[in-house]
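Residues 910 to 1176 in the working numbering are what the sequence shown spells out, letter by letter.
Quick notes on the structure that follows.
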Amino acid sequence: MFGDGVYEVWRVVNGRLFEPERHLARLERGLRELRIDARDVANGDEIDRIAERLLTEDGLLEGEATLYLEVTRGAAPRTHQFPPAGTMPTVYAMANRFAPPEELRARGGAAITVPDIRWLRCDIKTIQLLPNVFAKEAAAERGAIEALMVRDGVVTEGSHANVLAVFGDVIRTHPLDHLILPGITRAVVIEIARELDIRVDETAFTEEELRRADEIFLAGTTSDVMPIVRVNDRPVGAGVPGPVTKRLFDAFRAHIDRSCAAVHTSP
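Have a look at this one:
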């Protein structure tokens, strides 16, 4: 009732969870920050068991899927303070078939900018996403796939993904702090970029600077590396997916394929 919980979404390929340890670490950190004791239900062994059961029963051991896990503070009388000590957290999980948006990636998507009106702990992946919902709806109403949040003139992140921009030969993105979610895909993409000798500068850029970017792309669990070719109806660079974004996506896709072997073993 109060958005008092956290969630996590894993990408699944051929029954294998992608970057399971990083997602688990983020989930555990969010639970600690919200002071929810879910050690008995939100640990690696239990999540593996849940994933294997859902993926098997839903027929998702081949191809691509997502695993969604949500942990809330638990069932208790409706009050604004925490429920009594010992209240068991509520855990909800589901698995769904997933089709990567390759046609959209090939042509690139559009985005808009919106004021970032969220609270000041965006580093926690909470289920209280109403501002994100309004931002994404504003984007949809303008035929865009994403809304880029702007706080005090600075671009923070998207409604459902991190945002990175290419300026010359440098990738820039907002640093990890309380204003953005520490995205798993963001972290992997930054590592890949540095392996490819592409300079990454974790320094925030302004909305004004965004207009001068050569390339813009999203990084997220269901976005992978998604080029943005228009922002507020203005073309980004040449108005088509750029070479840095394409190179990073190819390397990222190869990383997924290596991490999630084609032959299934238990998640």
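All C-beta atoms in this analysis are idealised placements derived from N, C-alpha and C, irrespective of residue type, glycine included.
- The beta-carbon separation of residue 1038 and residue 1066, rounded to 13 Å, does not stay under the 8 Å limit for a contact.
- The beta carbons of residue 1077 and residue 1106 sit no closer together than 8 Å.
- Residue 920 places its beta carbon less than 8 Å from that of residue 927.
- In this structure, residue 1158 lies away from residue 931, with their beta-carbon atoms at least 8 Å apart.
- If you look at residue 1035, you'll find it isn't in any beta strand (DSSP E); DSSP assigns it neither H nor E.
- Around residue 1125, the same chain offers 1074, 1137 and 1145 as residues with beta carbons nearer than 6 Å, after the five sequence neighbours per side are excluded.
- Counting only unbroken stretches of 3 or more residues, the beta strand (DSSP E) elements lying wholly within the segment 940-987 are 973-981, in sequence order.
- Across the structure, residue 967 and residue 1005 are spaced so that their CA atoms are roughly 8 Å apart.
- Burial of residue 981 is indicated by the presence of at least 16 other C-beta atoms within 10 angstroms of its C-beta.
- In the three-state DSSP reduction, residue 1024 falls in the strand class (E or B).
- Residues of the same chain with a CB within less than 8 Å of the CB of residue 1093, apart from the 5 flanking positions on each side, are 928, 931, 932, 935 and 1130 in chain order.
- Under the DSSP assignment, residue 1060 falls in the beta strand (DSSP E) whose first and last residues are 1055-1060.
- Taking a contact to require three or more Cβ pairs closer than 8 Å, the segment 990-1005 and the segment 972-979 qualify as touching.
- CA-to-CA, the gap between residue 1141 and residue 915 works out to about 31 Å.
- Look at residue 1004 here: in three-state DSSP terms it is strand.
- Rounded to whole angstroms, the separation of the alpha carbons of residue 1035 and residue 992 is 18 Å.
- Under the DSSP definition of a beta bridge, residue 917 partners with 978.
- The beta carbon of residue 1063 lies closer than 8 Å to those of 1083, 1113, 1114, 1115 and 1116 in the same chain, with the five residues before and after it left out.
- Short of 7 Å from the beta carbon of residue 1161, and not among the five residues preceding or following it, lie these beta carbons of its own chain, in chain order: 1097, 1098, 1101, 1133 and 1134.
- Boundaries of the alpha helix (DSSP H) harbouring residue 1099: 1093-1104, taken from the DSSP string.
- Secondary structure in the segment 1094-1158: the beta strand (DSSP E) runs of 3 residues or longer, each lying completely within the stretch, are 1108-1110, 1124-1129 and 1133-1140 in chain order.
- Residue 960 holds the alpha-carbon nearest to the alpha-carbon of residue 918 among 1110, 960 and 1164.
- Assigned with DSSP and collapsed to three states, residue 1015 falls in helix.
- For residue 1069, the number of other beta carbons within 10 angstroms of its own is at least 16, and it is reported as buried.
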